[in-house]
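Trainee: Have a look at this one before I ask anything.
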Amino acid sequence: MDKSITMEEVLSIFKDEMTIMVGGFMGVGTPETLVSAVDQSDVKDITLIANDTAFIETGVGPLVVNKKCKKVITSHIGTNPETGRQMIAGELDVELVPQGTLAERIRAGGSGLGGILTPTGVGTAVEEGKEKIKVDGREYLLEKPLRADVALLKAFKADKAGNLVYHSSARNFNPLMAMAADTVIVEVEHIVEVGEIAPDEVITPGILVDKIIVQGGNH
Amino acid sequence: MDKSITMEEVLSIFKDEMTIMVGGFMGVGTPETLVSAVDQSDVKDITLIANDTAFIETGVGPLVVNKKCKKVITSHIGTNPETGRQMIAGELDVELVPQGTLAERIRAGGSGLGGILTPTGVGTAVEEGKEKIKVDGREYLLEKPLRADVALLKAFKADKAGNLVYHSSARNFNPLMAMAADTVIVEVEHIVEVGEIAPDEVITPGILVDKIIVQGGNH
Amino acid sequence: MVTLVPPQMAAKQIIAARVAKELKNGDVVNLGIGLPTMVPNYLPEGVNVILQSENGYVGLGPVTVEDPDLVNAGGQPAGVIPGAAFFDSGFSFELIRGGHVDVTVLGGLEVDEHGNIANWMVPGKMVPGMGGAMDLVTGAKKVIVAMEHCTKKGGSKILEQCTLPLTGKGVVDVIVTEIAVFRVTKEGLVLEELQEGVTLEEAKEKTEATFIVSPNLV
Amino acid sequence: MVTLVPPQMAAKQIIAARVAKELKNGDVVNLGIGLPTMVPNYLPEGVNVILQSENGYVGLGPVTVEDPDLVNAGGQPAGVIPGAAFFDSGFSFELIRGGHVDVTVLGGLEVDEHGNIANWMVPGKMVPGMGGAMDLVTGAKKVIVAMEHCTKKGGSKILEQCTLPLTGKGVVDVIVTEIAVFRVTKEGLVLEELQEGVTLEEAKEKTEATFIVSPNLV
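Protein chains in written order, with this note's numbering: chain A, 6 to 224; chain B, 6 to 224; chain C, 4 to 221; chain D, 4 to 221.
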């Protein structure tokens with residue numbers, strides 16, 4: 006069961022109006038080859054879920070710059086001025102979510118929870134339109150789960166069954182998003198044989214991974 | 006900053022009426038030396054939080070058998086007949102919690118969430134006395150966070166800063182409980198120098214660990 | 004049917020073999036203790052499944068090396084296959100509740116025509132606790148109940164309405180016994196298949212629940 | 004005070020040095036971008052803190068080897084000290100929201116006498132997003148705002164009531180500026196300390212918020 010696919014197969018997966026999660030934190034841990042594939046495709050009106058919109062030329066930034074998105078759900082847009090410009094111009098719908106809440110909402114989407122009860126954002130603009138639940142005298146926001154049609158992830162190494170390990174701070178949102186999408190595609194630096202990653206060291210089990218591509222594209 | 010302590014120091018931590026979480030699944034991944042210390046102490050009226058009550062002679066079983074507990078919060082008591090006997094005789098309060106819900110409640114307690122919204126247990130006796138929350142048309146139980154005064158955990162290896170790695174299925178509830186107690190004491194098979202566990206391989210960061218003891222007791 | 008094994012064992016083998024046919028190549032499967040653990044012995048050629056063990060791993064396999072830390076969800080010594088992965092109990096139930104387990108096979112004390120299942124306690128008699136069973140029946144994509152058709156006293160375990168405390172409400176997809184195979188549908192319980200040598204009359208006689216007979220059978 | 008650095012830089016150094024005194028040996032600390040990152044330079048002898056980086060690790064340190072995968076929460080190249088640990092963003096915020104971070108030091112656009120802080124947007128002008136700031140002010144055991152006392156136009160940043168959208172409500176514990184140190188208490192804002200060479204009159208003049216003067220100061 007080799008999960009490697011070609012770039013052509015990757016491209017056939019993307020559809021207009023899809024919700025796509027992309028791993029990474031300011032471009033670190035973002036699958037640049039996969040993002041570039043989306044960017045160069047004809048796909049449009051994506052809902053993008055990512056920690057931040059990175060920079061004009063790196064990370065998920067180009068997807069915003071090249072107007073692939075109709076909506077972005079993210080915690081930070083400050084390093085990519087084009088996101089703010091499109092938002093203010095009414096060209097792009099931006100939902101700003103506290104980073105910890107974003108992580109938990111994705112986790113909830115991937116783990117069958119009905120949502121999360123978080124103290125983060127209580128008393129701020131973030132609570133607008135949301136249900137508040139009191140538990141033992143303290144107020145929490147009910148934040149709803151997030152899921153995607155496709156997750157585009159970056160890992161350091163995969164075995165052919167899709168077991169993943171990550172490298173330093175490039176881990177970030179990748180393991181969470183691996184739980185929360187119908188199709189999970191991972192870009193890796195190395196593919197190794199099954200058995201070469203010790204079971205105690207696997208971070209994302211292969212059962213969550215559908216497709217693997219090597220950085221730069223499979224040959 | 007060496008977190009190793011002696012058995013005398015461990016014993017000074019336990020107090021009557023404490024809530025104690027203990028890692029393990031049917032005794033596997035349970036810190037037998039620490040459990041034995043509690044068992045042989047004068048401590049009484051403990052509230053014990055553990056996945057199961059293990060067996061008469063192993064795991065957390067002896068804590069029930071020797072009447073150290075006034076209450077047990079657990080998912081399974083079937084392998085330790087003494088738990089059921091005390092429960093039916095009215096000598097022990099037993100709160101049965103679905104295993105996944107138990108894990109999430111501990112995680113919520115350790116991560117500042119107000120509780121969890123789970124579909125597990127809806128339409129069963131588990132929902133009695135609990136708030137039901139509807140999210141997008143589906144019902145979930147609001148299950149409250151769990152915390153403890155002390156967590157007694159088992160890891161395979163610690164460095165002196167308390168970074169932990171676990172071995173095979175002995176991981177189970179240990180990493181979750183490391184988040185959710187005021188004092189976290191870990192029993193390990195080996196203590197190594199700081200730096201000997203690679204940062205990418207740490208499962209429980211040392212900042213969560215207060216005290217370390219080697220299996221069988223420090224010398 | 005002439006057989007060299009005791010009738011009860013034969014029943015279990017018949018059930019396990021039939022459950023095995025419900026599994027597809029690549030399925031992630033969680034097996035309850037007892038009868039369900041026999042299912043992998045009957046997998047057809049070319050069908051490989053990945054076993055999830057709720058105490059914290061995928062890739063459960065036969066014991067290969069002695070490791071006191073490695074047990075299955077019944078606490079028995081276990082092994083792992085190449086490509087296995089260990090994780091904590093929280094993540095294990097993220098997988099289970101989150102629909103990442105394709106099939107769970109578990110025993111039942113009672114099942115009813117509404118897809119309810121009871122298998123975690125008998126009030127006043129046996130209260131082992133639900134363990135992971137409630138999460139499994141709630142979260143697994145397909146719930147197969149593998150059990151003998153009747154109690155030791157001969158009463159039907161497939162009822163109009165469960166009488167014991169439920170493990171899950173409306174969660175069962177398939178019921179496999181040594182008598183028959185039922186599917187729970189919106190229209191009600193459907194008898195899909197009779198085991199070899201069983202007549203429709205026998206199935207009706209031994210089943211309290213009302214069921215529809217699949218057109219394939221008549 | 005005669006100084007060889009530009010006044011604004013001097014202000015930042017004064018603030019960072021004073022914040023450093025709030026930290027205890029062994030504290031787990033999360034530092035916001037900009038001024039807060041200067042704090043470790045001023046830690047007293049014998050005080051070592053463990054830096055948490057919300058993008059996924061504890062044990063942030065200076066760059067030692069080139070690793071494009073290793074950045075701080077501002078996206079800048081970073082390093083780790085021995086004993087560091089990496090984890091995912093979910094776990095990172097479990098630590099933050101769960102009270103496992105002892106202190107967070109962050110800048111502010113506005114702070115008020117109720118302990119409110121605003122530092123994530125200026126409507127119509129600058130909407131970078133809150134990143135991890137809302138979780139940090141909600142979850143960290145101690146929230147220190149490290150900022151210059153006044154805006155570039157000379158207006159007080161310590162107000163009776165914040166006018167900008169809040170990052171957190173009633174969450175601030177300590178405010179350190181180049182003018183003074185305030186603590187937020189149940190009784191209201193308390194002026195605890197004046198920076199060297201600053202008079203009480205100057206502090207009053209530059210602070211819009213009402214504050215109590217600590218008995219230690221009179």
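Glycine residues also receive a C-beta, built at the ideal position from the N, C-alpha and C atoms.
Let me see if you follow: with CB-CB separation under 8 Å, is A:V27 close to chain D or not?
Mentor: It does not; no Cβ of chain D falls within 8 Å.
Trainee: Closer than 8 Å, Cβ to any Cβ of chain A: which residues of the region 137-160 of chain C, in chain order?
Mentor: The residues in question are T141 and G142.
Trainee: If I measure Cβ to Cβ from D:V187 and keep anything under 7 Å in the same chain, skipping five residues before and after, which residues do I get?
Mentor: Cβ within range, chain order: G118, V175 and D176.
Trainee: Applying the criterion that 16 or more other CB atoms from any shown protein chain within 10 Å of the CB defines a buried residue, is A:K139 buried or exposed?
Mentor: It is exposed - the Cβ of A:K139 has fewer than 16 other Cβ atoms within 10 Å.
Trainee: Kindly indicate which residue of C:D115, C:F94 and C:A76 has the alpha-carbon position closest to the one of C:G171.
Mentor: Ranking the options by Cα distance to C:G171, first place goes to C:D115.
Trainee: Assign A:Q91 to one of two classes, buried (16 or more other C-beta atoms within 10 Å of its C-beta) or exposed (fewer than that).
Mentor: Buried.
Trainee: Using a cut-off of 8 Å between C-beta atoms, extract the partners of B:T123 located in chain A.
Mentor: Near B:T123 (Cβ distances below 8 Å), the residues of chain A are G117, L118 and G119.
Trainee: Leaving out five residues on either side along the sequence, give the residues of the same chain with a beta carbon under 6 Å from the beta carbon of C:V146.
Mentor: For C:V146, where only same-chain residues beyond five positions count, the Cβ hits under 6 Å are T107, V140, V174, V175 and D176.
Trainee: Do three or more CB pairs link the region 30-38 of chain B to the region 61-71 of chain B at distances below 8 Å?
Mentor: Yes, since at least three Cβ pairs between the region 30-38 of chain B and the region 61-71 of chain B fall closer than 8 Å, the two stretches touch.
Trainee: Going by CA-CA distance only, name the one from A:P86, A:G83, A:D98 and A:E87 that's closest to A:V77.
Mentor: Answer by Cα proximity: A:D98.
Trainee: Taking only beta-carbon atoms, is D:V61 less than 8 Å away from chain B?
Mentor: Interface residue, yes.
Trainee: Does the Cβ of D:V22 have 16 or more other Cβ atoms within 10 Å, making it buried, or fewer, making it exposed?
Mentor: It counts as buried.
Trainee: With hydrogens ignored, establish whether the beta-carbon of C:M41 is closer than 7 Å to any heavy atom of the ligand FAD.
Mentor: This structure lacks the ligand FAD; in fact it carries no ligand of any kind.
Trainee: What span of residues does the alpha helix (DSSP H) with A:D187 cover, start to end?
Mentor: Per DSSP, A:D187 belongs to no alpha helix (DSSP H); it is in the beta strand (DSSP E), A186 to V197.
Trainee: By DSSP's criteria, B:K216 is part of a beta bridge. Which residues make up the other side?
Mentor: B:K216 is bridged to B:I190.
Trainee: So what does DSSP say about D:T180, is it helix, strand or coil?
Mentor: Correct three-state label for D:T180: coil.
Trainee: Looking at chain B, is there any beta carbon in it that lies within less than 8 Å of the beta carbon of C:T6?
Mentor: Residue placement at C:T6 is poorly supported in this model, since its pLDDT is 49, which falls under 50; the coordinates are not used for a value here.
Trainee: Locate the beta strand (DSSP E) running through A:D229, then write down its first and last residues.
Mentor: Residue 229 of chain A falls outside the range modelled here, since chain A spans only 6 to 224, and no answer is possible.
Trainee: Who are the Cβ neighbours of D:V179 in its own chain at under 6 Å, not counting the five residues just before and after it?
Mentor: Around D:V179: I18, R21, V22 and A149.
Trainee: Starting from the C-beta of B:K165, find all residues in its chain whose C-beta is less than 6 Å away, skip the five residues before and the five after it, and write them out in chain order.
Mentor: Contacts found: D7 and V199.
Trainee: How far does the beta strand (DSSP E) with B:L16 in it extend, from its first residue to its last?
Mentor: Not the beta strand (DSSP E): B:L16 falls in the alpha helix (DSSP H), residues M12 to I18.
Trainee: What residue ranges within the region 139-181 of chain D form continuous beta strand (DSSP E) runs of no fewer than 3 residues, ordered along the chain?
Mentor: DSSP runs (the beta strand (DSSP E)) wholly in the region 139-181 of chain D: 145-149 and 177-179.
Trainee: Against chain C, which members of the region 195-221 of chain B pass a CB distance test of less than 9 Å?
Mentor: So the list reads I208, given in the order they occur along the chain.
Trainee: If you measure between the beta carbons of A:I217 and A:S80, is that distance less than 8 Å?
Mentor: No, the Cβ-Cβ distance between A:I217 and A:S80 is not below 8 Å.
Trainee: Whose Cβ in chain D lies nearer than 9 Å to the Cβ of B:D164?
Mentor: Within chain D, the residues near B:D164 are P85 and G86.
Trainee: Let me see if you follow: with CB-CB separation under 8 Å, is A:M12 close to chain C or not?
Mentor: Closer than 8 Å: no.
Trainee: For a test of the three-state rule: what should DSSP assign to D:T40, helix, strand or coil?
Mentor: It is helical.
Trainee: Per DSSP, what kind of secondary structure is B:M182 in: helix, strand or coil?
Mentor: Residue state, collapsed to three classes: helix.
Trainee: Checking 8 Å against the spacing of the C-beta atoms, do C:R100 and C:G142 come in under that value?
Mentor: The answer is yes: Cβ separation under 8 Å.
Trainee: Can you confirm whether A:N168, when its beta carbon is compared against all beta carbons of chain C, has any partner nearer than 8 Å?
Mentor: Closer than 8 Å to some Cβ of chain C, the Cβ of A:N168 qualifies, so yes.
Trainee: Who are the Cβ neighbours of B:Q220 in its own chain at under 6 Å, not counting the five residues just before and after it?
Mentor: Once the five neighbours on either side are set aside, the close Cβ partners of B:Q220 are T38, E192 and E194.
Trainee: In this structure, what does DSSP give as the bridge partners for B:H172?
Mentor: DSSP, once it has assigned bridges, lists no residue as partnering B:H172.
Trainee: Check for me: the beta strand (DSSP E) holding B:Q91 runs from which residue to which?
Mentor: Counting along the chain, B:Q91 falls outside any beta strand (DSSP E), though it belongs to the alpha helix (DSSP H) covering P86 to I93.
Trainee: Return the residues of the region 175-196 of chain B that lie within a Cβ-Cβ distance of less than 9 Å from chain D, sorted by chain order.
Mentor: Those residues of the region 175-196 of chain B that come within reach of chain D (Cβ to Cβ, closer than 9 Å) are M184 and A185.
Trainee: Per DSSP, what kind of secondary structure is A:K76 in: helix, strand or coil?
Mentor: The answer is strand: DSSP assigns A:K76 an E or B state.
Trainee: Is it right to say D:G200 is buried, meaning 16 or more other beta carbons lie within 10 angstroms of its own, or is it exposed?
Mentor: D:G200 is exposed by the Cβ-count criterion.
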